[in-house]
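Visitor: In the order they appear, the protein sequences are chains F and D.
Heads up, the first sequence is in the working numbering, so the first residue is 29 and it goes up one at a time.
Heads up, the second sequence is in the working numbering, so the first residue is 29 and it goes up one at a time.
Quick reminder that beta carbons are idealized off the backbone N, C-alpha and C, glycines included.
Sharing a structure here in structure tokens format.
Protein chains: 2
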Amino acid sequence: MAHEEHREIVQDIKKQMPDTDTLFELADFFKVFGDSTRIRIMCALFERELSVCCIADIVGMEQSTVSHQLRVLRQENLVKVRREGKQSYYSLEDEHIQKIFEMGLEHILE
Amino acid sequence: MAHEEHREIVQDIKKQMPDTDTLFELADFFKVFGDSTRIRIMCALFERELSVCCIADIVGMEQSTVSHQLRVLRQENLVKVRREGKQSYYSLEDEHIQKIFEMGLEHILE
DNA sequence: TGAACGTATGAACAAGTGTTCATACGATAC
DNA sequence: GTATCGTATGAACACTTGTTCATACGTTCA
Numbered sequence: 029m030a031h032e033e034h035r036e037i038v039q040d041i042k043k044q045m046p047d048t049d050t051l052f053e054l055a056d057f058f059k060v061f062g063d064s065t066r067i068r069i070m071c072a073l074f075e076r077e078l079s080v081c082c083i084a085d086i087v088g089m090e091q092s093t094v095s096h097q098l099r100v101l102r103q104e105n106l107v108k109v110r111r112e113g114k115q116s117y118y119s120l121e122d123e124h125i126q127k128i129f130e131m132g133l134e135h136i137l138e
Numbered sequence: 029m030a031h032e033e034h035r036e037i038v039q040d041i042k043k044q045m046p047d048t049d050t051l052f053e054l055a056d057f058f059k060v061f062g063d064s065t066r067i068r069i070m071c072a073l074f075e076r077e078l079s080v081c082c083i084a085d086i087v088g089m090e091q092s093t094v095s096h097q098l099r100v101l102r103q104e105n106l107v108k109v110r111r112e113g114k115q116s117y118y119s120l121e122d123e124h125i126q127k128i129f130e131m132g133l134e135h136i137l138e
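Pasting the structure below:
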């Protein structure tokens with residue numbers, strides 16, 4: 029490939045890409061989906077809101093582990109909390125999550 | 029919450045969830061999206077197939093870094109290679125990727 | 001043949017991440 | 001008040017991950 033052509037292609041693609049900050053944010057967003065514990069927590073929440081100890085039982089991990097991961101999910105606006113007495117009930121923030129989840133499933137089941 | 033009710037909920041949710049192996053695979057799949065270098069590589073490939081050195085220039089990283097990451101993308105069937113002379117041209121495997129990408133964008137731009 | 005180029009890969013290192021333990025906090029029940 | 005329960009959080013640790021350097025491989029061209 030000629031150097032000139034190479035430079036043109038690089039410039040062209042660079043122009044059409046979203047700005048770098050957005051792509052870094054996007055990576056951080058997907059990072060949240062990239063852990064099996066968090067994926068299982070989100071999956072459990074597809075059905076209904078759940079307390080922390082319920083989630084811990086479902087995924088078979090320590091309460092503190094689940095609590096730490098719920099914090100991560102909260103920070104990326106993937107879940108919301110509702111307090112009721114001693115318990116915290118978590119639920120999914122919106123239905124984007126379920127769609128992204130399903131698209132991922134489609135891909136790996138090919 | 030009564031112990032009985034707790035147990036029922038846990039059993040119920042467990043039944044409705046995909047099996048654990050699938051969810052682990054899914055996490056591994058999303059893990060690939062969770063790195064800014066890989067995200068930028070995929071994003072660059074939305075337009076057209078590109079050689080390794082072009083990609084390196086676009087994302088502003090070493091050729092070996094890009095090569096390592098392309099290997100990861102290949103292993104998860106996200107990109108495919110076509111060799112032509114000294115060059116390797118990479119392109120996206122399918123259009124799921126772009127859709128997942130766009131859904132992620134939608135979420136963070138809210 | 002040898003040199004130059006594009007690419008792939010292994011080793012090494014730094015940085016990041018997930019889990020557990022211990023503990024603190026807040027609310028309820030006694 | 002104290003005890004108990006559910007939850008949150010900090011520290012410590014092992015483990016994973018991304019990048020770079022050095023180098024090897026394969027192809028083209030002289």
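Which residues bound the beta strand (DSSP E) around Lys108 of chain D?
Guide: Element bounds for Lys108 of chain D: 107-112.
Visitor: With 7 Å as the C-beta to C-beta threshold (strictly closer), list the residues of the segment 85-109 of chain F near chain D in chain order.
Guide: Against chain D - using a Cβ distance shorter than 7 Å - the residues of the segment 85-109 of chain F are Asp85, Ile86.
Visitor: Going straight from the alpha carbon of Arg76 of chain D to that of Ile67 of chain F, what length do you get?
Guide: C-alpha separation (whole angstroms): 32 Å.
Visitor: Consult DSSP for Leu133 of chain F and reduce its assignment to one of helix, strand or coil.
Guide: Helix, per DSSP.
Visitor: Kindly indicate which three-state DSSP category Leu73 of chain F falls into: helix, strand or coil?
Guide: Three-state DSSP puts Leu73 of chain F in coil, outside helix and strand.
Visitor: Counting along the chain, where does the alpha helix (DSSP H) carrying Asp40 of chain F start and finish?
Guide: That run of the alpha helix (DSSP H) goes 31-44.
Visitor: When you measure from the CB of Phe58 of chain F to every non-hydrogen atom of the ligand ADP, does any distance come out below 6 Å?
Guide: Absent from the structure shown: the ligand ADP. Ligands present: none.
Visitor: According to the Cβ coordinates, are Leu54 of chain D and Ser119 of chain D closer than 7 Å?
Guide: Going by C-beta atoms, Leu54 of chain D is not nearer than 7 Å to Ser119 of chain D.
Visitor: I need the straight-line Cα distance from Gln115 of chain F to Glu90 of chain F, nearest angstrom please.
Guide: So the alpha carbons of these two residues sit roughly 16 Å apart.
Visitor: Taking Glu78 of chain F as the reference, give the member of F:Pro46, F:Arg111, F:Val60, F:Gln103 with the closest Cα.
Guide: Residue identity check: residue 78 of chain F is Leu in the sequence provided, not Glu. Cα-wise, what sits closest to Leu78 of chain F is F:Arg111.
Visitor: Could you check whether Phe61 of chain D and Phe58 of chain F sit closer than 7 Å to each other, using their CB atoms as the reference points?
Guide: Their beta carbons are under 7 Å apart, which means Phe58 of chain F touches Phe61 of chain D by this criterion.
Visitor: The segment 38-65 of chain D: which residues have C-beta closer than 8 Å to a C-beta of chain F, in chain order?
Guide: Those would be Val38, Asp40, Ile41, Lys42, Gln44, Met45, Pro46, Thr48, Thr50, Leu51, Phe52, Glu53, Leu54, Ala55, Asp56, Phe57, Phe58, Lys59, Val60, Phe61, Gly62, Asp63, Ser64, in chain order.
Visitor: Less than 7 Å between the beta carbons of His135 of chain D and His124 of chain F, yes or no?
Guide: Contact flag set, yes.
Visitor: Taking just the CA atoms, how far does Val87 of chain D sit from Val148 of chain D?
Guide: Nothing about residue 148 of chain D can be read from this structure; chain D reaches only from 29 to 138.
Visitor: Of all the options F:Ser64, F:Met70, F:Val38, F:Ile41, which has the alpha carbon lying nearest to the alpha carbon of Arg102 of chain F?
Guide: Of the listed residues, the one whose Cα sits closest to Arg102 of chain F is F:Met70.
Visitor: Classify Gln97 of chain D as buried or exposed, calling it buried when 16 or more other Cβ atoms lie within 10 Å of its own Cβ.
Guide: Its Cβ being crowded by 16 or more others within 10 Å, Gln97 of chain D is buried.
Visitor: Do we get a CB-CB distance below 7 Å when we pair Ile69 of chain D with the residues of chain F?
Guide: Not closer than 7 Å to any Cβ of chain F, the Cβ of Ile69 of chain D fails to qualify, so no.
Visitor: Give the interface partners of His124 of chain D over in chain F, defined as CB-CB distance under 9 Å, in chain order.
Guide: Those are Met131, Gly132, Glu134, His135, Glu138, listed as they occur along chain F.
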